[in-house]
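**Student:** Order-wise, the sequence lines are chains W and Y. My numbering puts the first residue of the first sequence at 1, with every later residue one more than the last. My numbering puts the first residue of the second sequence at 1001, with every later residue one more than the last.
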Amino acid sequence: DAGVIQSPRHEVTEMGQEVTLRCKPISGHNSLFWYRQTMMRGLELLIYFNNNVPIDDSGMPEDRFSAKMPNASFSTLKIQPSEPRDSAVYFCASRETDATNEKLFFGSGTQLSVL
Amino acid sequence: KQEVTQIPAALSVPEGENLVLNCSFTDSAIYNLQWFRQDPGKGLTSLLLIQSSQREQTSGRLNASLDKSSGRSTLYIAASQPGDSATYLCAPLGSSNYKLTFGKGTLLTVNP
């Protein structure tokens, strides 16, 4: 398997623009996570999907952030409008089931810079 | 709210040394604890997962221990190599069964 695939790898945009990050989880995995990593705050969970249904979006910082999972093989994280403080690395991760003994597999991340 | 602390924040050692990375967490009600490795510009790779009922897990030169009652875990790396240079993060899985709380990590540099 190719692992968790994220696109784009890098995104540079101007404040106020819409940004869409994409993720393809590992085939057969039914749990998907979006994380954000910054130097100041480390890794933070933004949203968790199980079987394509959002279970916990309490980590989404503001209404400017939204996430969808229309099917088991694709998810998006959208920021509209983007702000400089959204600059971070955004990771998607997946897990085969919601069992507690399952390891988490991360994508390579999207480095977002909002100017 | 779970808080995770990793000490030291950075560590530099010569090749061949054995070393220990430390992780402490405030809420002992956890399902398991994972240790991850992160290379610059890359995602995280899960190294070891210790269930709450276990005391330790081993994979090659890596050994992770867990003392849930005291809120501590250690990652032992034997005979370190330059290729071990990376940031190591620990993450306990809380009672929600999906929410990992990550430490800030330990940046390890192994010098040839």
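Backbone N, C-alpha and C fix where the C-beta goes; we use that ideal spot for every residue, glycine too. On a predicted model such as this, the values are computed, not experimentally measured, just so you know.
Within the 8 Å Cβ cut-off, does Asp-57 (chain W) reach chain Y?
**Tutor:** Working through the first sequence from its first residue, we reach residue 57 (chain W) at position 57. False, the Cβ-Cβ gap to chain Y never drops below 8 Å.
**Student:** Does Ser-1046 (chain Y) have its Cβ less than 8 Å from a Cβ in chain A?
**Tutor:** Reference to chain A is not applicable here, since the protein chains of this structure are W and Y.
**Student:** What does Gln-1051 (chain Y) reach in chain W if we use C-beta pairs closer than 8 Å?
**Tutor:** Along the second sequence, one-based indexing puts residue 1051 (chain Y) at 51. Those are Thr-100 and Asn-101, listed as they occur along chain W.
**Student:** If we define contact as Cβ-Cβ less than 8 Å, is Gly-1043 (chain Y) a contact residue for chain W?
**Tutor:** Mapped onto the second sequence, residue 1043 (chain Y) falls at position 43. It does: the Cβ of Gly-1043 (chain Y) has a partner Cβ on chain W nearer than 8 Å.
**Student:** Return the residue from the list Y:Lys-1104, Y:Gln-1051 and Y:Ser-1069 that minimises the CA-CA distance to Leu-1021 (chain Y).
**Tutor:** The residue given as residue 1021 (chain Y) occupies position 21 in the second sequence. Closest option to Leu-1021 (chain Y), Cα to Cα, is Y:Lys-1104.
**Student:** Look up Cys-1092 (chain Y) in the DSSP assignment and give the residues it is bridged to.
**Tutor:** Position 92 of the second sequence, counted from the start, is the residue given in the question as residue 1092 (chain Y). The question names Cys, but residue 1092 (chain Y) in the sequence shown is Pro. Looking at the DSSP assignment, Pro-1092 (chain Y) forms a beta bridge with Y:Leu-1033.
**Student:** Counting along the chain, where does the beta strand (DSSP E) carrying Ser-69 (chain W) start and finish?
**Tutor:** For the purposes of this step, residue 69 (chain W) is taken as residue 69 along the first sequence, with counting starting at 1. This sequence places Met at residue 69 (chain W); Ser is not what is there. Where Met-69 (chain W) is concerned, the enclosing beta strand (DSSP E) stretches over 65–71.
**Student:** DSSP on Gly-42 (chain W), reduced to helix/strand/coil?
**Tutor:** Position 42 of the first sequence, counting from 1, holds the residue named residue 42 (chain W). The answer is strand: DSSP assigns Gly-42 (chain W) an E or B state.
**Student:** Could you list the residues in the stretch 1087–1104 of chain Y with a C-beta less than 9 Å from some C-beta on chain W, going in chain order?
**Tutor:** Those would be Leu-1089, Ala-1091, Leu-1093, Ser-1096, Asn-1097, Tyr-1098, Lys-1099, Leu-1100, Thr-1101, Phe-1102, Gly-1103 and Lys-1104, in chain order.
**Student:** Per DSSP, Phe-1102 (chain Y) forms a beta bridge with which residues?
**Tutor:** In the second sequence, residue 1102 (chain Y) corresponds to position 102, counting from 1. The partner list for Phe-1102 (chain Y) (beta bridge, DSSP) is empty, contrary to what the question assumes.
**Student:** Quick one: is Gln-1034 (chain Y) near chain W, going by C-beta distance under 8 Å?
**Tutor:** Residue numbering aside, residue 1034 (chain Y) sits at position 34 when the second sequence is read from its first letter. Yes, because at least one Cβ of chain W sits closer than 8 Å to the Cβ of Gln-1034 (chain Y).
**Student:** Excluding five sequence neighbours on each side, which residues of the same chain lie with their C-beta closer than 7 Å to the C-beta of Ala-1086 (chain Y)?
**Tutor:** Along the second sequence, one-based indexing puts residue 1086 (chain Y) at 86. So the list reads Arg-1037, Gln-1038, Asp-1039 and Leu-1108, once near-sequence residues are dropped.
**Student:** Taking Cβ to Cβ, would you say Ile-26 (chain W) is nearer than 8 Å to Phe-74 (chain W)?
**Tutor:** Stepping through the first sequence from its first residue, residue 26 (chain W) is reached at position 26. Stepping through the first sequence from its first residue, residue 74 (chain W) is reached at position 74. For Ile-26 (chain W) and Phe-74 (chain W), no; Cβs fall outside 8 Å.
**Student:** Please name the residue in Y:Ala-1091, Y:Asp-1027 and Y:Tyr-1098 whose C-alpha comes closest to that of Thr-1045 (chain Y).
**Tutor:** Sequence index remark: in the second sequence, residue 1045 (chain Y) carries index 45 (1-based). Here the closest residue by C-alpha is Y:Ala-1091.
**Student:** Take Asn-1018 (chain Y) as the anchor and find which of Y:Gln-1006, Y:Asp-1084 and Y:Ser-1073 has the nearest alpha-carbon.
**Tutor:** Numbered from 1 along the second sequence, position 18 holds the residue referred to as residue 1018 (chain Y). Out of Y:Gln-1006, Y:Asp-1084 and Y:Ser-1073, Y:Asp-1084 has the C-alpha closest to the C-alpha of Asn-1018 (chain Y).
**Student:** Which residue comes first and which comes last in the beta strand (DSSP E) that contains Thr-1045 (chain Y)?
**Tutor:** Taking the second sequence and counting its residues from 1, the one referred to as residue 1045 (chain Y) is at position 45. First-last of the beta strand (DSSP E) with Thr-1045 (chain Y): 1044–1051.
**Student:** From which residue to which residue does the beta strand (DSSP E) around Asp-56 (chain W) run?
**Tutor:** Taking the first residue of the first sequence as position 1, residue 56 (chain W) is located at position 56. Note, Asp-56 (chain W): beta strand (DSSP E), 53–56.
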